[in-house]
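What follows is a set of notes on a single structure, which appears directly below.
In structure tokens form, the structure reads like this:
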């Protein structure tokens, strides 16, 4: 019956996500004070999902290393992943620069003094002082083996997981019970994620209601061209990535959008890519990617393949330079691009990593005052959605490309009809 079909439709997560986003927008607009009070719903959901990220990263990386069975194979996968990551980052920077040069979003824009935003800027930086690119290496080594899982930073988890994975390869059969325990823990974590993800519509509802209630729908007006420029650049990069995947693997945009539509809405609703990490791994496996490969490429991508952040860095920097009347000759732009190759990755695992990476970039180069970044705080919540969606797409594309490079036979070759495989964590 028709009503039964409608009930089944409402049970779909992506439908619930759409309803949550629409309801949050409506309440934030109609009752701003109430919308601001709903902010903890979004924060609580993201915190609940992020608390699971360190153990999931650890288990998937260790499994990925062990499943290869040899350090040489693991090193090959990591090397191929790094090559793909760098290529995507370079493409992101070039596309972002092209969009900024064409649209010139900050040209002639009257900007208010950013002194009023100083307090908010200090609040965002309160727990984290940016000291330079070398901080990336320092952050990677935890204070203790177990503090890697409590510090809220993914870099130490990657470091410890690599040590444990290669250590298990070295001790061979003696480590078999540990490997089995890690595999069982992975299944447990995916089951927990399956429970938590059902609250995604509530989290998106609270996050959107808070944002609209705090800043309103009209606040984008003066910065609308910046948002449009970033949207154009991110859209162009996503199109390039999807086209590359189609040419390489045969998986078209329609198949990818059907497979990952729920993850797309979750990322847009929460502005976080971490919350969909386990689901990406499961669905990439359903498309034919070997677990031993996605167990490495997806977690590594969360630190080293932040394509959305790379696009944002160059667009935001060009915007601030134009708005403040700071001339950036081609040679200085080249220096910025080289620095951004590093800083787009040096903020991995930090909440609001795109904004943190921008602060790091401006702190390393004296051309644009670091304090000018405070002008972007109000709109950053919306820009972060574009960054998160672009980075999630880049991680999916990188995993598919590395899998095909490694000789994997993906779902397009097995299922020419493109029927979706239903595989939920």
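In my numbering, the protein residues as written are 749 to 1173. Heads up, the beta-carbon is just placed ideally off N, CA and C, and yes, glycines get one too.
Short check: CB of residue i to CB of residue j, under 7 Å?
i            : j            : result
residue 1015 : residue 1136 : yes
residue 956  : residue 769  : yes
residue 1059 : residue 981  : yes
residue 1020 : residue 1133 : no
residue 958  : residue 1082 : no
residue 1067 : residue 856  : no
residue 828  : residue 996  : no
residue 1022 : residue 801  : yes
residue 1074 : residue 1109 : no
residue 1139 : residue 1069 : no
residue 1061 : residue 1092 : yes
residue 1112 : residue 1121 : no
residue 789  : residue 942  : no
residue 777  : residue 965  : yes
residue 922  : residue 908  : no
residue 1001 : residue 990  : yes
Which word fits residue i, buried or exposed, when buried means at least 16 other C-beta atoms lie within 10 angstroms of its C-beta?
i            : result
residue 772  : buried
residue 832  : buried
residue 913  : buried
residue 1017 : buried
residue 986  : buried
residue 1077 : exposed
residue 1079 : exposed
residue 918  : exposed
residue 906  : buried
residue 791  : exposed
residue 849  : exposed
residue 999  : buried
residue 894  : exposed
residue 1046 : buried
residue 911  : exposed
Quick check on this structure: which residue in the options has the alpha carbon closest to the alpha carbon of residue i?
i            : options                 : result
residue 1007 : 991, 1023 and 1030      : 1030
residue 1013 : 949, 1106, 898 and 997  : 949
residue 974  : 780, 960, 991 and 845   : 845
residue 814  : 976, 915, 1065 and 1062 : 915
residue 1072 : 954, 1118 and 841       : 1118
residue 842  : 786, 897, 1085 and 1107 : 1085
residue 978  : 1102, 924, 990 and 921  : 1102
residue 797  : 1130, 952, 991 and 989  : 952
residue 1157 : 1064, 837, 1032 and 812 : 1032
Does residue i have its Cβ less than 7 Å from a Cβ in chain D?
i           : result
residue 921 : No chain D appears in this structure, which consists of one protein chain only.
Checklist entry - If you pair each beta-carbon of the segment 1141 to 1153 with each one of the segment 1039 to 1054, do three or more pairs fall below 8 Å? => result These segments touch.
Checklist entry - Are the segment 800 to 816 and the segment 933 to 951 touching, with three or more C-beta to C-beta distances below 8 Å? => result With contact defined as three or more Cβ pairs closer than 8 Å, the segment 800 to 816 and the segment 933 to 951 are in contact.
Checklist entry - Quick check: the segment 1146 to 1154 against the segment 1025 to 1038, are there 3 or more CB pairs under 8 Å? => result Three or more pairs of CB atoms, one per stretch, sit closer than 8 Å, so the segment 1146 to 1154 contacts the segment 1025 to 1038.
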